[in-house]
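These protein sequence lines map, in sequence, to chains A and B.
Take 0 as the starting number for the first sequence in numbering that gives the first Met the number 0 and just add one per residue.
Take 0 as the starting number for the second sequence in numbering that gives the first Met the number 0 and just add one per residue.
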Amino acid sequence: MSSQATASAEPNYFEVTKGFKSWALTLDHKRIGLMYLFGILFSLLLGGAFALLVRTELMMPGETISSADTYNKFFTLHGAVMIFLVIIPGIPAALGNIMLPIQLGAPDVAFPKLNLSSFYLWCTGAACLLLSIVMGSVDTGWTFYTPYSLDESKSGAIIPAVFGVFLLGFSSIFTGLNFLVTVHKFRPQGMGWFQMPLNLWALYATALMQVLATPVLGITVLLLFVEHTLHIGIFDPTLGGDPVLFQHFFWFYSHPAVYIMIVPAMGVVSELMTTFTRKPIFGYRFIAYSSVSLALLSFLVWGHHMFVSGQSPLANMVFSALTFTVGIPSAIKVFNWVGTLYKGDIRLQTPMLYALSFIIMFTIGGLTGLFLAILATDVHLHDTYFVVAHFHYVMMGSALVAFLGALHYWWPKFTGRMYPERLAQVCSIGVFVGFNLTFLPQFVMGSRGMPRRYWDYDPEFTIYHQLSTVGAFILGVSLFVVVCYLMVSFKKGRKAPKNPWGGTTLEWDAPSPPTLYNFPEPPVIHELYDYDDIVEDGDNGWVRKPRPAGAPPKEKH
Amino acid sequence: MGDSHAHHEGGHGDDHGHGHGSPFIQHHYDDAKHQFDSGKLGIWFFLTQEILFFSALFVAYILYRHHHPEIFAYASHYLDVKWGAINTAVLIVSSLSAAWAVRCAQLGQRRGLIACLVITIVCAFGFLGIKYVEYTHKVHEGILFGRKFDPCVSSGGAQLITKKNECHGTKASQCVPANIDQMPEQPGWQVACKAYEVTYQGAGAARTEVSRAELPVCNMVSTGHGPPRAENPPCWEIQSNPNVCAPDKEGPTVAALVHYGDGRVRGSTFGIDLQCEPAPEPSADGDPHADVSHGPGFGQPLVVPSTTPSAHDLKVQASMGPPPEHTNMFFSIYFAMTGLHGIHVLFGIFVFIWLLIRAIKGHFTPDYFGPIDYAALYWHLVDLIWIFLFPLLYLIH
Numbered sequence: 000m001s002s003q004a005t006a007s008a009e010p011n012y013f014e015v016t017k018g019f020k021s022w023a024l025t026l027d028h029k030r031i032g033l034m035y036l037f038g039i040l041f042s043l044l045l046g047g048a049f050a051l052l053v054r055t056e057l058m059m060p061g062e063t064i065s066s067a068d069t070y071n072k073f074f075t076l077h078g079a080v081m082i083f084l085v086i087i088p089g090i091p092a093a094l095g096n097i098m099l100p101i102q103l104g105a106p107d108v109a110f111p112k113l114n115l116s117s118f119y120l121w122c123t124g125a126a127c128l129l130l131s132i133v134m135g136s137v138d139t140g141w142t143f144y145t146p147y148s149l150d151e152s153k154s155g156a157i158i159p160a161v162f163g164v165f166l167l168g169f170s171s172i173f174t175g176l177n178f179l180v181t182v183h184k185f186r187p188q189g190m191g192w193f194q195m196p197l198n199l200w201a202l203y204a205t206a207l208m209q210v211l212a213t214p215v216l217g218i219t220v221l222l223l224f225v226e227h228t229l230h231i232g233i234f235d236p237t238l239g240g241d242p243v244l245f246q247h248f249f250w251f252y253s254h255p256a257v258y259i260m261i262v263p264a265m266g267v268v269s270e271l272m273t274t275f276t277r278k279p280i281f282g283y284r285f286i287a288y289s290s291v292s293l294a295l296l297s298f299l300v301w302g303h304h305m306f307v308s309g310q311s312p313l314a315n316m317v318f319s320a321l322t323f324t325v326g327i328p329s330a331i332k333v334f335n336w337v338g339t340l341y342k343g344d345i346r347l348q349t350p351m352l353y354a355l356s357f358i359i360m361f362t363i364g365g366l367t368g369l370f371l372a373i374l375a376t377d378v379h380l381h382d383t384y385f386v387v388a389h390f391h392y393v394m395m396g397s398a399l400v401a402f403l404g405a406l407h408y409w410w411p412k413f414t415g416r417m418y419p420e421r422l423a424q425v426c427s428i429g430v431f432v433g434f435n436l437t438f439l440p441q442f443v444m445g446s447r448g449m450p451r452r453y454w455d456y457d458p459e460f461t462i463y464h465q466l467s468t469v470g471a472f473i474l475g476v477s478l479f480v481v482v483c484y485l486m487v488s489f490k491k492g493r494k495a496p497k498n499p500w501g502g503t504t505l506e507w508d509a510p511s512p513p514t515l516y517n518f519p520e521p522p523v524i525h526e527l528y529d530y531d532d533i534v535e536d537g538d539n540g541w542v543r544k545p546r547p548a549g550a551p552p553k554e555k556h
Numbered sequence: 000m001g002d003s004h005a006h007h008e009g010g011h012g013d014d015h016g017h018g019h020g021s022p023f024i025q026h027h028y029d030d031a032k033h034q035f036d037s038g039k040l041g042i043w044f045f046l047t048q049e050i051l052f053f054s055a056l057f058v059a060y061i062l063y064r065h066h067h068p069e070i071f072a073y074a075s076h077y078l079d080v081k082w083g084a085i086n087t088a089v090l091i092v093s094s095l096s097a098a099w100a101v102r103c104a105q106l107g108q109r110r111g112l113i114a115c116l117v118i119t120i121v122c123a124f125g126f127l128g129i130k131y132v133e134y135t136h137k138v139h140e141g142i143l144f145g146r147k148f149d150p151c152v153s154s155g156g157a158q159l160i161t162k163k164n165e166c167h168g169t170k171a172s173q174c175v176p177a178n179i180d181q182m183p184e185q186p187g188w189q190v191a192c193k194a195y196e197v198t199y200q201g202a203g204a205a206r207t208e209v210s211r212a213e214l215p216v217c218n219m220v221s222t223g224h225g226p227p228r229a230e231n232p233p234c235w236e237i238q239s240n241p242n243v244c245a246p247d248k249e250g251p252t253v254a255a256l257v258h259y260g261d262g263r264v265r266g267s268t269f270g271i272d273l274q275c276e277p278a279p280e281p282s283a284d285g286d287p288h289a290d291v292s293h294g295p296g297f298g299q300p301l302v303v304p305s306t307t308p309s310a311h312d313l314k315v316q317a318s319m320g321p322p323p324e325h326t327n328m329f330f331s332i333y334f335a336m337t338g339l340h341g342i343h344v345l346f347g348i349f350v351f352i353w354l355l356i357r358a359i360k361g362h363f364t365p366d367y368f369g370p371i372d373y374a375a376l377y378w379h380l381v382d383l384i385w386i387f388l389f390p391l392l393y394l395i396h
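Pasting the structure below:
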């Protein structure tokens, strides 16, 4: 059914067509995803560079390398680049684009032209966002809070930045729309909703949020754009507008946006957990439903960002209570992952190391979130480094680490090359150590009152800041090495087998790299996460055991 | 929702065709139905996204209207119900023709399809034309959004916004702005004034007073959120109004804000007579806000009617008075909502022109009419949004 001979008979998606035009105008979801991936890795290094500038400035109290104004621009750009250009598109637009149709056994996404348009929207949006650096640079923080962002002396930078965010938003909406329709309409016969890999459930839930939440960001930044160009006044208190309304709109998107970042990460980790423990996932339906319930809950909790913005006490209480409910689906997932680990045949390859880091750091990030959901403690911790550490544990320690895990897991599949395993393991440990060294001290200084976004600080906080800066550099070097060896292995890596990890989902039945329409012949749908039939076969990776003749076909349902 | 397709059965590595009825079926779909269904689901998700896109503006509308009902009740009068109603009719006709176009495409009636698309496009242009007329009026009168809100005012202050194209009086931006915080903070100032509800007979200079009833001063109570409420309606509270133009006076102008309960609030002018004692002396520490020696004297009517207002103007004035503070917010929301809606109409025109060209080329068959169907669905949504906008903006009482 899947001999290497038939797979190599048809050219893979790199070989089908060549030349610049064949990439620039491609409708192939894998090429589009790969182009996204390179853009995202570049943005990751850029955003990381801004982070290191921020951390270097904070090495000592007072001015270290930059003035306070420049520092404001550094952290704004770090936030905007990392969120809008790296984490939000990271798993869905890049890796999801490549893997979603293959995991479905489909030839492409539902709307390939729309997919390409999304990519160009993303490029244009990213260009506009980066243009703002040249135009004087935004220093409002990535949240663009009004009335601070209404300052007309900053219009030159804010106009391209918010326009860029608007375009990036629509890129995200169209990608989500594409995924929703693909999952609905392209599942092959034999793959019902509950035979879908959990990664697809997560991408589906993410796509729902992208389609339902991002338009609100779109109109909000559009109004901010009109505020600067036409002075429409809807957010301008001097004209009777309401600046707090901006916060409501912004968080109505940006809270779901946090889940747009974390839910696909959870999907990836679910895949990694089962593959690298050689066990079916524990509690499949619970994980699937918890992804969807996170998507729904994400729309009900935005007010917890605004506990100190003068919301009514009743609203604060309701939002606080709703925020606690988010803990339920999150805890269900962690419980099920740990349940999968239990008595599993755990293999500590690089993707699994990232997945295990994810569980640890997501647990820390999630539990510290509960501190912030409590009204009484939030008043104390609001706008301190405690919050900074909390959301970095979720967005970087969890979402980005899962992205790295996913990248290593699927890298052999879509590039057809193996990365250097031992170096990658060292780097993943470097990421784990560097990350925790950076952000654990921030919990301490935050709870002791160090406010976020400050350029200067009291000498008592020096030691925490220095630990944090050292950690950031370990993290930065590790990530830089990761990007370097991936780039090298892209050209020079060892040829990857079809199934290097022993995965059971459909993508491992496609050749590495896949052909133009992914599968040279229609894939056979096997039982999901069934590891009994897959055995290791030396350099060929893992292969399916040929079934003894006459044995009844192993069919589920 | 859960129907899955056996799209591998035909294989997909082969060339275009698959034995599809239409050359426009893309290779990665199983058949025409699979493509049509996928597109249909896609357009529904897109429309959901559109509703969310507009939702923020509707939320802003609800919020500002809840907090400032007087602004909405006041400013809505400056929208012309006639044009709004015509535009509603135009859009409904275009929605009908769009739906009809789908039917024609399904039945393979090419000429009917072309005719329906032409009608839709013409109606869409008609809608934008009427919108252009309305916008032009507002640009002339300075009734714009945010900072560009600069209505025409007459020197007396009564005829504040004209419904004419030309401005006979002064622009609000040329007036001396009153200090918003000044009057209510003056201790005793409110007590030094008396407000009467007056009914008149006749119009203009010939009018005579019929009755006069003194209104009590409001006891304002905080509601926790939203604006404070009056405990004892009908009653009045003092309001200094930055939008009132008084070029012949240097000081601020004050007006009575009358609360009728049930959230009904009216600014003072015709029908409300406010009479005040001379303003208090400047305070000893030289607080500039205390210097209101130029304020109106007792017995002097604050709002003087402009020269020979027409009967219609009088009627409008009697019901409206000077614009409440931040009247510009209504027009900000009006222009944001109708502007965004107009952009959608414009986008629809491009789509329908593209479909018209394809229809003339004969691309659409009973096997392949998806784009017509999707565009019509989009058009119905654009139409539906207008159906909400029309009463929300034009028909406020």
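From the three backbone atoms N, C-alpha and C, an ideal C-beta is built for every residue, glycine too.
Distances from the alpha-carbon of B:Gln105 to those of B:His362, B:His379 and B:Leu383 put B:His362 closest. Look at B:Gln274: its C-beta is not under 8 Å from any C-beta on chain A. Around B:His343, no beta-carbon contact reaches into chain A at under 7 Å, the shortest distance being about 12 Å. Counting other Cβ atoms within 10 Å of its Cβ, A:Ser152 stays below 16 and is therefore classed as exposed. Not one beta carbon of chain B lies nearer than 8 Å to the beta carbon of A:Asp457. Between the alpha carbons of B:Pro215 and B:Phe329 lies a distance of about 30 Å.
Contact annotation for B:Lys147 against chain A: Leu229 and His230 [CB-CB distance below 8 Å, chain order]. Counting every other CB atom within 10 Å of its CB across the protein chains shown gives B:Leu394 a total below 16, marking it as exposed. In the three-state DSSP reduction, B:Arg146 falls in the helix class (H, G or I). Of all residues in the stretch 173 to 185 of chain A, only Leu176, Leu179, Val180, His183, Lys184 and Phe185 come within less than 7 Å of chain B when Cβ atoms are compared, listed by chain position.
Chain A places no beta carbon closer than 8 Å to that of B:His76, leaving this residue out of the contacts. Listed along chain B, the residues sitting closer than 8 Å to A:Gly217 by beta-carbon distance are Phe52. Neighbours of A:Phe402 in chain B, taken as residues at a C-beta separation under 7 Å, are lacking, since the least C-beta distance is about 25 Å. With contacts defined as CB atoms closer than 8 Å, B:Pro370 and B:Gly107 fail to qualify as a contacting pair. Per DSSP, the continuous alpha helix (DSSP H) segment holding B:Ala123 begins and ends at Arg109 to Glu140. For B:Ala375, same chain residues with a beta-carbon under 7 Å away, outside a window of 5 residues either side, are Ala97, Ala98, Ala100 and Val101 in chain order. When Cβ-Cβ separations below 8 Å define contact, A:Asp27 makes no contact with chain B.
Measuring C-alpha to C-alpha distances from B:Pro227 to each of B:Leu345, B:Val89, B:Pro68 and B:Gly338 identifies B:Pro68 as the nearest.
Under the DSSP assignment, A:Ile533 falls in the beta strand (DSSP E) whose first and last residues are Ile533 to Glu535. In its chain, beyond the 5 residues on either side, Tyr35 and Thr174 have a beta carbon closer than 6 Å to the beta carbon of A:Ala92.
As computed with DSSP, B:Val216 is found in a beta bridge with B:Trp235. Between the C-alpha atoms of A:Leu84 and A:Val387 there is a straight-line separation of about 19 Å. Residue A:Asp377 holds the alpha-carbon nearest to the alpha-carbon of A:Met316 among A:Phe357, A:Asp377 and A:Arg284. Excluding five sequence positions before and after A:Trp301, the CB atoms of its chain that fall closer than 6 Å to its own CB belong to Trp250, Phe251 and His254, given in chain order. By the criterion of a C-beta distance shorter than 7 Å, A:Leu271 is surrounded in its chain by Pro350, Met351, Ala354, Gly404 and Tyr408, once the five residues flanking it on both sides are discounted. Using a Cβ-Cβ cut-off of 8 Å, A:Ile233 counts as an interface residue toward chain B, since at least one Cβ of chain B sits closer than that to its own. Beta-bridge pairing by DSSP links A:Val542 to A:Val534. Nearest to A:Ala314 by alpha-carbon distance, out of A:Ser446, A:Ser269 and A:His247, is A:His247. With 16 or more other CB atoms across the displayed protein chains lying within 10 angstroms of its CB, A:Pro522 is buried.
By the C-beta density criterion, B:Ile342 is exposed, having fewer than 16 other C-beta atoms within 10 angstroms. Minimum Cα-Cα distance from A:Phe334 among the listed residues A:Ser131, A:Phe281, A:Met58 and A:Thr16 corresponds to A:Phe281. Comparing alpha-carbon positions, the option among B:Leu256, B:Gly41, B:Arg146 and B:Val344 lying closest to A:Gly232 turns out to be B:Arg146. At a beta-carbon threshold of 7 Å, the residues of chain B lying near A:Phe110 are Gly41, ordered along the chain. With respect to the C-alpha of B:Leu388, the residue from B:Leu51, B:Tyr60, B:His66 and B:Ala31 having the closest C-alpha is B:Tyr60.
By the CB criterion at 8 Å, A:Met81 and A:Gly124 fall outside the cutoff. Identification of chain A residues near B:Ala335 by a Cβ-Cβ cut-off of 8 Å yields Leu222, Val225, Ile231 and Ile233, ordered along the chain.
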